[in-house]
Structures are given as C-alpha cells and as structure tokens.
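To keep things clear, I will list the structure first and then write my remarks on it.
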Amino acid sequence: MYRYILLAFIVTSSFALEISMDIAKENFQKYSILKIKDTTPFVCQAIKNDFDITTEVICGFSKDPSQDIKSLQNDFFKVESFHKKGTFFVSITPLYKMKLIADIFNLTQDDSVFSADVKISKAWSIIGYKKELPLLKSQDRSPLAINFPFFMQKDKMPFVGSLDLHGNPVHIKAVGDVKKYLKVKEYFRKKRYEDALDLIDEIISDYPNTLFKPELTYYKIKLFDKLKDYDSVISSAKIFLREYSSDENIPEVLSLMAKAYAQMSQTTDADYFFDRLFSEHKGNVFAQKGYIYKGEMLEDNGANKDAIKYYKKALYETKDLEVAASAAYHLANVLLLSAPKKSANYVMKIIDAKKSFFMEDIKHSMKLMSGLADAKEYKAAAAIADALLKSMGPGYDEYEDLLKDKALWLAKTDDKEAALKALNTYIKKFPDGDYIDAIDTAKDGLFFERKDLNATAKLAEYDNLMRDYAGDTIAKKALYEKAKLLLNLKEYTKVLAMREEIENLDESNYPDKESILTQAAMGEMEASLKEKNCKNVLVVSNEYNITLSNRWDEGIYNCAMMGGDFKLAKSIASKNLESKNIDERKAWLYRYAKIDFATGNYSECVDVAKDLVALIENPKTSKYKDIYRYLFDAYSRLGEKEGMIESMTKIEDIYGLDYQDIDRYVAMIGLATDLKDDKMVIKYGSKVMQIQKSSHSHAQSPYVEFTLYGAYMNLGKYQNALDVIASLNGVKLNKEDRARQKYLLGTVLSKLWRDSDAKRAYKEAIEADPTSAWAKLAKSALAL
C-alpha cells in the first residue's frame, strides 16, 4: 500500500502541514470534518475492507513537517504519524465511519465545479459520521454518463458612480474640516485634550467659514473643563451663549459655566447661571448634573447640609445612571465622617447600579475606600476594591494592594464564603506576595480562632470544615488543628489513626506534622507500657521508630523480648551497656547476653557474659548468676570445650545438682565421650542419674546409662557397670533399647562369671526384639 502512495509523490522544498478538526450537527446528528492541507500537492488514499467500508486514510509527504505532530483524537477520528523508508505518513482511523474528499476547488474564486476523482491535492477533507453521510448526497451514475461542469458565475451589470444634472460623473473632493472635526471627537474620546484643542485651532485657522464652528466651540468648552482651565471655559461659554443661543448644547454649556465660576469661588456669578440652568432647563440631565456642581460649591464653602440636599435632588430626580452614580458618590464622601453607615449604603447603591464608576477617579475612590475601612464599614470598602479590581489588570501598581485589602476586609465581615474566595485569589495570584503572611493569618482566623468553643465543639467544627471544604487548604488546616487538639487531649490512638492524612499535609505549611505523629506515638507507647499492653508497644515501636526516655527502657525491653522483637530489645539494651551506675550496667549486660543467645550470636554472648561475670562479686547470691548457664550454653553452641568445662564447674558450685542443668550435664557427657575421658563420663553420668532419681524422671535414659555403662566397662569396673545397666530394668524402653540393655546386661554378667544369669539376659534380649542387631549378638553369645 505504502509503495503505491510513494509513486504518486511530488518532491517539494517546503512543508507547512496543517491539520484541523471541527464538529457540527445536521438533523440533530453530530459529525466531524478533518481538514489536512499543505502548500504543495500530496497524496491521500482511503483503505477499504471487503465490505467497501473505509477503515483508514493514509496521506504521504516527502518531507517532515516543521513541527512534531502529536497524536490527535476527537469523537470521530484518531490521527497518528509515522516514518517509513524516509517518508512521512499521517494515518487517520475512524471511530465510526468516514469519507475522503479531495478539495480541488476554491468556491470563492472558481466559477465552475465538477466531479473529479483525483489522487493528489493540496487539501483533503475527511467527513466522520455515525450513520448517514451528512452534507453530501451520493448517487450512482452510469459509467456512460457525461460529467458536465456546474457554472456559478452570474451576469455582471455595468456600474458607474454618481452623475450630475447633465449626466456627467461627479468627482467629490474629500472635505478636510469634516475629517478633522471627526478627529477632534476621537481625541476627546481618547482623552487627548491638548491635541484636540490644537486641532480645533488648526481647523478654525484653515477653514474660517467651517460649518462646524458651533460644535468646535462647544468642544473647546468641554476640553477647557477637562483641563480645569476655568477662565477659558467662561470666555468660550460667553461666546457660545451669545452666538449659538438656540443650540441644543446650551444646558450643558450653562452647567459647565456655572461650575467654572464655582471652582473660581465666584459664587454670585455661579448662582446666576445655576438659577438659569435650573429654571430654563428643568428636568434636563445637565440641570441634574448642575445640582451636583452646586452641591460641590456648597460643600467647599462648608455648607454640607445644603450640599447633601442638592446631591439627593440629583440622585432622586435623574433617570441617567451616570448622574445617579455621581450623586451617590458625592453623598458617600460628604457623609463619610458624620454618618459612615449611610455613606456605605450609598456606596452599595453605586455598586449595584454602576460599579465601574469608581474607575473614573481611582485616587479619590481609594481614599473613600480607606475611609470606609477606617470606619469599620468593611463590606462597602471591599466592594469598592472589588469594583476597581474588575476594571484593573495585574499590571496596575495598586493591584496587589487592592487584592489584599479586599480579602482582609471581607475576612472581618460575616461573609466567610466571599472572604475565603478573596483570600484564595490572593494566594493563587501572589503565592510569594508581600502580604502572604497576613493573608494566611486572616484565612486561619476565619475558622480557627474560635475562643468561644470547648474541645468537643472544636472537634465537631473541625470535622465539619474537613467535610465542607474537602480539597481546600481550609480542610487541611482543620485536619492539622484537629490532630493538635487530640494530642493535647492525650487522645493518642485517634491521632495515630489520622496518620496517612497528616503525612499527606504539605511540609512547607505544616513543618511539625511529623513531630505531632512522633509525640502521639510516644504517648501511645507510654500508655501501653503502663497498661503492660506489649503487643501495642511493639506495633507502635515498629511503625514509628520511637525512642522514649531511659525510664521506659526496661518496659520496652521486656515487651520486645516477649514479642520476639530482638532487634528492638538489643537497641534498647545496647544504649545502656556503658551506664555509670554499676547495678544498671550489670542488668543491661545480662539482658544483652540473653538477646545475643536468643539470636544465635554466641561469640558476642560469651564476651558480654564475661564482662558481667567480671562485675559479679558473689556468684551464689547474685541475681544475675544465671549468666553462667548462658555462658555454658554459648560455649556449647560454639564447641569450645575448655569454656564448657570451666563454666560447668561454676554452675556446679553455684547450683549444685539442679534439674534445670540436666541438659548441660548431658552435654558434658557428650564432651567427655568426644575426649574419650571415661572418668569425666562417669562423673557427669553419675550426676545425671542422681538428678533423675531425685526427680523421679528418666528423660535422659537410656542414653546416660548406656554411656556410663561403657565407661565403667572400659575401666574394668564391672560391678558398677552391672548396677548402671540393671537400673534400666524398671525403666520403660522401646524394643530395640530393651534388647540392647539385656545384651549389655548379659555381657557384664559374663565378665563377672555369672554365666547362667548371663544366658538368661541374652535370651531376654532375643525375646525383646528378635530382629534387632542386639538379638543377633545375643544369639552369637549363647552359641559360644
């Protein structure tokens, strides 16, 4: 397949591949169109299965694209790219159905279209659909049918421009003053007041008879007002009133003229024009603005009460939103000191109607905002900050301060939801901002500085916060505060139950999280030690690697030994081996030796036991005399014969014949046997028999008797051998051991010339286990 695509290539020197996918609906059914374009023609081929269904479209290109093409997918297509034999391919597979179409016509330029089956094109479209193919209607046609093109060009009528009365074309020259007048208006809109004034002077100079002279004079008055050149306002307004007395802008000019006189403290003249404005143009929007200007004049002269009347008059008479906002703004300012709550109410009226008004004078708006905050009208102050922020971007110098102020002021209101949102906005935008500490403190203060709640109520509140603000830092803070409170309440088990959540807290925000868990684990261990709950002690110790104070060492050691946690027991013992208190050192040396023996560390056990032995003054009365037994057993495990003999002598001296040592005496019998020392065998074998006799036990029989018998026989002490082997007559033995015992009995009787007794013993050996080797030996003895 790829071979045929390569044959259709046109080699290109540039490659600007574009792939786009769009989704739309036709007859309530969604479909998608994928477009693939390049600056030069390329080949695309639809691969179909046996049912004539397109299963893949492959497009080939002779050069790689300028950028990597990642895999793309929507609801209808999956697009992937790959290389093969130096060629770049794009593969499109359908999730439902698709149809490949070559885009060879530009309907904005071509006048005719026709059906064309091409192999190569600069652009291809692939329609993805579920059931019915949208947009297109497919019809079968006869192969003999003629493919006529479809023409779209319409007849074009000839066109000429405007004609004069004689039928000749009219050539209109551009009127310069019109363009410049429009430019003045543009400058005014863009607040380029100086440029606008210069342009007005230029227009009047270049076009002294311009039809726009009234408008230009009107704009000069407005421009002088914006520039606060009140003398020029008055002089220009006088000209306007004299020459254009019927102009529709007279109300505005009168208002600006009165305002100019007021600003120049010429109150008499100002009042004259205010009276004209109010009487001649009552109800006009500029008369209502005039109320505000007069209120400003009265406020400047200290007549605040009268000023308030005019501001209210403007507010309640006007239907103009700008005038109403300005009047409310003036009322908020004039009432700020005397009635801050009323001031805040007027601010909220502006917020509800036209909050963008505060951007018209940012400096004064921020002053009003700060004044409201000082008066503890935090909601109104925050509302102004919010209004300013909505019109500002992060590029404003005041942006961060406003964001901070809004958040901190809202935090002082009852609107916790709005406060939290504002605080989080600051944290998100300025994570390392100048006020981040104050913001974090305020955020904590929203929920965590409730001094009116007892411990139970606080725990319930923390649970509510963790549920209501899951995923937010508030929930994490609540979890942290809950853990701290439970720790203070000594509810260690509950703290440890929260381990996973506590460990997931951000360490940069909660640096003591591990300390909380450690303290809880220590508390839990101490409580468990007091209750002798060794299982819990070991669980907590293993999970948290806790180190308690030395006073708990003995309890931990005992629990560790009881639970088989020798590693913990050894670590506890090792840190006390150098104790300056001799009694404590002896105790820990003894415990350390026990651990070494239990863990098979016999060489170290011997060394530690020797250190302890060196500290024991009177072995018989020492509470650590058991160390000699550990020492013997360690020597025995190590096969150190001299050590066994030396330590066994000590054990005999300290304990005498003690049943606890019977295995040690047996070990000595084994050692004596290895050394072929019959006297030693007799020494320790006799002791074992004495111990068994006194304890009415035969745990070491018949091994001891057989071994002791052999030693006596080796030394020719036949009567002693007879006594030993005969002692087994009353001991329960298995068949083979009984056959052996009777054979040995017969042997020693023969040595003592008691042949008839010997023969009887041999017969009993045969009867005990006829198939045993001992029975065979007995038969041989009888045959002699």
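My numbering puts the first residue of the sequence shown at 76, with every later residue one more than the last. Glycine residues also receive a C-beta, built at the ideal position from the N, C-alpha and C atoms.
For residue i, which residues of its own chain have a beta-carbon under 6 angstroms away from its beta-carbon, when the five flanking residues on both sides are left out?
i	result
N376	none
S418	A407, L410, L411
R813	A843
S95	K110
A635	L643, A644
N124	T130
H246	In this prediction, H246 has a pLDDT of 46, which is less than 50 and means its spatial position is unreliable; nothing more can be read from the coordinates.
State yes or no: is the C-beta of residue i within less than 8 angstroms of the C-beta of residue j?
i	j	result
L643	S616	yes
K552	F505	no
A389	A402	yes
A858	W849	no
K205	K174	no
L540	A550	yes
F349	K369	yes
V308	A335	yes
E131	P209	no
T162	G135	yes
Y667	V683	yes
I729	K695	yes
H405	I367	yes
A455	M423	yes
How many Å lie between residue i and residue j at the Cα?
i	j	result
L713	K826	40 angstroms
V259	Y268	9 angstroms
K503	K479	12 angstroms
E842	A796	23 angstroms
L331	L443	25 angstroms
D230	F180	Bear in mind that the predicted position of D230 carries a pLDDT of just 48, short of 50, making it too unreliable to give a figure here.
M743	L706	14 angstroms
L732	G791	27 angstroms
T343	G358	23 angstroms
S156	K254	57 angstroms
K248	L286	Residue confidence for K248 is low, a pLDDT of 42 falling below 50, so the modelled location carries little weight; the figure read from the coordinates is stated next. Each residue's Cα considered, the two are about 17 angstroms apart.
V688	K698	12 angstroms
R739	Y759	10 angstroms
S654	L483	58 angstroms
I800	H773	14 angstroms
L352	V328	9 angstroms
Y293	P415	40 angstroms
A513	E492	18 angstroms
E536	E397	47 angstroms
D736	Q775	12 angstroms
S624	W663	Caution applies to S624, whose pLDDT of 48 falls short of 50 and renders its modelled position unreliable; the model cannot decide the point.
F103	D192	30 angstroms
I720	V763	16 angstroms
When DSSP builds the beta bridges, which residues end up paired with residue i?
i	result
A177	W199
S107	I98, G203
H158	F163
P169	F152
K112	E93, A198
Q794	Q794 pairs with nothing; no bridge assigned.
V328	DSSP output for V328 lists no bridge partner at all.
C134	C119, V165
T285	Its beta-bridge partners do not exist; DSSP assigns none.
L147	V154
If distances are taken between C-alpha atoms only, which option among the options comes closest to residue i?
i	options	result
K700	Y734, K661, D738	K661
Q338	S466, E355, F299	F299
E93	K110, K588, I511, I314	K110
A91	T292, K695, S137, K265	S137
A517	M423, A312, A486	A486
A747	D395, G785, C119	G785
L571	D581, A530, M372, E618	E618
L534	T822, I511, N563	N563
D395	D381, I425, T593	I425
D798	I757, K834, Y319	I757
K301	Y453, S440, E452, D436	D436
S802	M467, K817, N789	K817
Skipping 5 residues on each side, what residues in its chain have a beta carbon closer than 7 angstroms to that of residue i?
i	result
P845	none
S722	Y703, L706, F707, Y710
L82	Reliability fails at L82, whose pLDDT of 30 lies under 50, so the model's placement of it is uncertain and the value that follows must be treated cautiously. Excluding residues within five positions, none has a Cβ falling inside 7 angstroms.
Is there at least one Cβ from chain D nearer than 8 angstroms to residue i's Cβ?
i	result
Y632	Checking the listed chains, one finds no chain D in this structure; it contains a single protein chain.
Say yes only if the C-beta of residue i is nearer than 7 angstroms to one or more non-hydrogen atoms of the ligand HEM, and no if none qualify.
i	result
R815	Among the ligands in the structure shown, none appear at all, so the ligand HEM cannot be discussed.
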